[in-house]
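Asks: One point on numbering: in numbering that gives the first Met the number 0, the residue at position 84 of the sequence shown is 83, and numbering is uninterrupted.
Here a beta-carbon is modelled for each residue, glycine too, at the ideal position from N, C-alpha and C.
Structure in structure tokens, see below.
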Amino acid sequence: MAFDIAVFFVLPLLLVIVVTVLAGRRARARSEEYDSDSVSFVGGVLCAMFTVVLAFFVVFAWQNGADLDSHATAESDAVLDTYWQMAVVPQPDADAVRTLLSQYARQVADREWPALTDGRDEPEVADTIVALRAAVTALPIDAEVVAEARKQALQNLRTIDEHHRARVAMATSTDAFTIALLVGTAFGAVLMIAFPLIFGLSRRPANLVLMVLLTVTLSATMYVSWQLMHPLEGFFGATPDVFRAALDEMTAQSGT
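As structure tokens, then:
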């Protein structure tokens, strides 16, 4: 956190203050001999372009985090539904499936989620899905109610597998388009600060305060953008709470 604050706030702010003071000493800045109309027009165009790129980046980056939450919710709901489907299945088959479901939720919350934060997957979770499919497939089908529960459980396992694959792929892959938008946003932020200095902003106190406020605002924007690039951590990061809630519900039902 301290490193992020230094990179996104302290260093840019100090750099802008120094450059503003130095640039304000230029003879052109003191005399204010420049075409203000042309400068205002170009500055407005740059501001509009920066706003558009930033808007696109926020939309795409935010959607990635929302998709991760959506996959996790669908996954945990399917786990719980399969758990309750086992109520009509005779023992010990029901307990075998329920134990694997609890194991799955625990593995995702305690092991896979931290691994995905580091850009790695957890192979044991996929192995648990395979074991679940084998256990559900082996359920007896001599009773109609058990056969129906088995059918629904297999559909749920397909849902779990599909959403698990999608969630892992999103967490471990790199979206080149989103990265390009982030680079464009960073370039635009730098240009927004550099533009008035290049065209001779004087070092009057009002201008210095203006540059400080602009830098703080753009630094905060870039910090939020950087946080959005990490959908499993930070202020906007998705959490495995839905799996922990499912695990709590299954644990409460089993009484262990």
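1) Which parts of the region 173-208 are runs of the alpha helix (DSSP H), unbroken and 4 residues or longer, counting only runs that do not cross its ends?
2) Helix, strand or coil for M272? Go by DSSP, reduced to three states.
3) Could you pull out every residue in the same chain whose Cβ sits closer than 7 Å to the Cβ of L212, ignoring the five residues on either side in sequence?
4) Under 7 Å Cβ to Cβ from Q226, same chain only, skipping five residues before and after it: list those, please.
5) If we ignore side chains and look at the alpha-carbon of each, how far apart do E248 and D76 end up?
6) State the Cα-Cα distance for the pair T184 and R132, rounded to the nearest angstrom.
7) Going by beta-carbon coordinates alone, are A165 and H229 separated by less than 8 Å?
8) Closest by CA to R157, which one among A137, V167, I128, I140?
9) Pull up the distance between the alpha-carbon of D240 and that of A108, whole angstroms please.
10) List the endpoints of the continuous alpha helix (DSSP H) containing Q154.
11) Helix, strand or coil: which one does DSSP assign to R119?
12) So what's T136 in DSSP terms, helix, strand or just coil?
13) Taking the alpha-carbon of V96 as reference, which of L217, L153, W112 has the nearest alpha-carbon?
14) Are the CB atoms of A148 and M85 nearer to each other than 8 Å?
15) Nearest by alpha-carbon distance to I178: which of V189, F55, M48 is it?
Replies: Let me spell this out:
1) You should have 175-197.
2) Because the chain spans 0 through 255 in this model, residue 272 falls outside it and cannot be assessed.
3) none
4) G233, F234, F235
5) 11 Å
6) Rounded to whole angstroms, T184 to R132 spans 46 Å at the Cα level.
7) no
8) I128
9) 8 Å
10) Here the alpha helix (DSSP H) through Q154 covers 143-171.
11) The three-state reading of DSSP puts R119 in coil, since its state is none of H, G, I, E or B.
12) Residue state, collapsed to three classes: helix.
13) L153
14) yes
15) When only C-alpha atoms are compared, the closest one is F55.
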